[in-house]
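Q: Let me begin by handing over the structure; questions about it come next.
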Amino acid sequence: MYQKGISLTELLFALGVTGVLICLSTSMLERAETYKLEALSHELAASIRFARSQAVHAGTHVTVQAQEEDWSMGWVIYIDANDNGSLDENEPVLMRKLLDGRIRLIGNSPVKHYVRYNPSGQAVLLNGAFQAGTLTLCPSTEKAQGIKAVLNSAGRLRLDVQEDGSVCARSL
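For the sequence shown, this note's numbering gives the first residue as 5, with consecutive numbering after it.
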């Protein structure tokens, strides 16, 4: 005799396995998003630290500027030879990082569009005042944690992981 269909036991087993796989995949996606965010935050920090060291080494102003005035699109690091705060045709580009905009990267007012170092390694605004601010990295999923890159008045950068996600909720 040929059997058509499946038994109740087989159906329950298949549903149980499917449920476990769905739970695991959701958690894995969130974990992958967190790893991606952490990697990008370390890359941003390394880029800013590189700009600082280049400013000291070259004895000139070096700028890390948001790509198209949006940090989420990436950044460019260049020697600002004429000290005007914008990338000119004859100024050497030290590094360029392009992003796809899926991770939100937002700077508060002092670092909204750029981080600029003088020859002594201090972060300074175009008017010469010290520059301190926060760049916030927020994931595309709301459950993943955000990361803040905090620039102090001496020009040093530190990363702070925001476990509760409230920093990204406020930056929407």
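Idealized CB from N, CA, C, for every residue including glycine.
Could you name the residues that DSSP lists as bridge partners for W79?
A: What you label residue 79 is simply residue 75 of the sequence shown in a count that begins at 1. Note: W79 sits in a beta bridge opposite A70, K101.
Q: Tell me the rounded alpha-carbon separation between R106 and L48.
A: Translated into positions along the sequence shown, residue 106 becomes position 102. Translated into positions along the sequence shown, residue 48 becomes position 44. Cα to Cα, R106 sits roughly 15 Å from L48.
Q: Would you call the region 82–101 in contact with the region 61–74, where contact means no fewer than 3 C-beta pairs closer than 8 Å?
A: yes
Q: Need the endpoints of the beta strand (DSSP E) that D92 sits in, please.
A: Residue numbering aside, residue 92 sits at position 88 when the sequence shown is read from its first letter. No beta strand (DSSP E) contains D92, which DSSP labels as neither H nor E.
Q: Would you call Q135 buried or exposed, if buried means 16 or more other Cβ atoms sit within 10 Å of its Cβ?
A: Residue 135 sits at position 131 when you count from the first residue of the sequence shown. With 16 or more Cβ atoms within 10 Å of its Cβ, Q135 is classed as buried.
Q: Using only alpha-carbon positions, find the residue among D74, S76, D92, V154 that is nearest to Y82.
A: Here the question's residue 82 lines up with position 78 in the sequence shown. Selected option, being the one with the closest Cα: D92.
Q: Less than 7 Å between the beta carbons of G111 and L139, yes or no?
A: Locating residue 111 in the sequence shown gives position 107, counting from the first residue. Locating residue 139 in the sequence shown gives position 135, counting from the first residue. In this structure, L139 lies closer than 7 Å to G111 by Cβ.
Q: For D104 and L25, what's the separation of their Cα atoms in angstroms?
A: Counting from one through the sequence shown, the residue named residue 104 turns up at place 100. Counting from one through the sequence shown, the residue named residue 25 turns up at place 21. Each residue's alpha carbon lies about 29 Å from the other.
Q: Looking at A125: is its Cβ nearer than 7 Å to the Cβ of R56?
A: By one-based count along the sequence shown, residue 125 stands at place 121. By one-based count along the sequence shown, residue 56 stands at place 52. Looking at the sequence provided, one finds Gly at residue 125 rather than Ala. It is a contact, given that the beta carbons lie within the stated cut-off.
Q: DSSP three-state label for L130, please.
A: On the sequence shown, position 126 is the one that residue 130 refers to. Looking at L130 - three-state DSSP - the assignment turns out to be coil, as it is neither helix nor strand.
Q: Is T140 helix, strand or coil by DSSP?
A: Locating residue 140 in the sequence shown gives position 136, where the first residue counts as 1. DSSP places T140 in strand when its eight states are reduced to three.
Q: With distances taken between CB atoms, is the gap from E130 to S45 smaller than 7 Å?
A: Residue numbering aside, residue 130 sits at position 126 when the sequence shown is read from its first letter. Residue numbering aside, residue 45 sits at position 41 when the sequence shown is read from its first letter. Contrary to the premise, residue 130 reads as Leu rather than Glu in this sequence. The answer is no: Cβ separation not under 7 Å.
Q: Is S117 near A70, with beta carbons less than 7 Å apart?
A: Within the sequence shown, numbered from 1, the residue matching residue 117 stands at position 113. Within the sequence shown, numbered from 1, the residue matching residue 70 stands at position 66. Correcting the residue type first, residue 117 is His in the shown sequence and not Ser. Yes, the pair counts as a contact, with Cβ atoms nearer than the cut-off.
Q: Could you check where the beta strand (DSSP E) with I151 kicks off and where it finishes?
A: Working through the sequence shown from its first residue, we reach residue 151 at position 147. First-last of the beta strand (DSSP E) with I151: 150–155.
Q: Compare the C-beta of Y118 against all C-beta atoms of chain B and say whether one is closer than 7 Å.
A: Judged by its chain identifiers, the structure shown contains no chain B, having just a single protein chain.
Q: Residues in its own chain within less than 7 Å of W79 by CB, not counting five upstream and five downstream?
A: As a position in the sequence shown, residue 79 is number 75, starting the count at 1. Apart from sequence neighbours up to five positions away, the residues of its chain that approach W79 with a beta-carbon distance below 7 Å are S51, V68, Q69, A70, Q71, K101, ordered along the chain.
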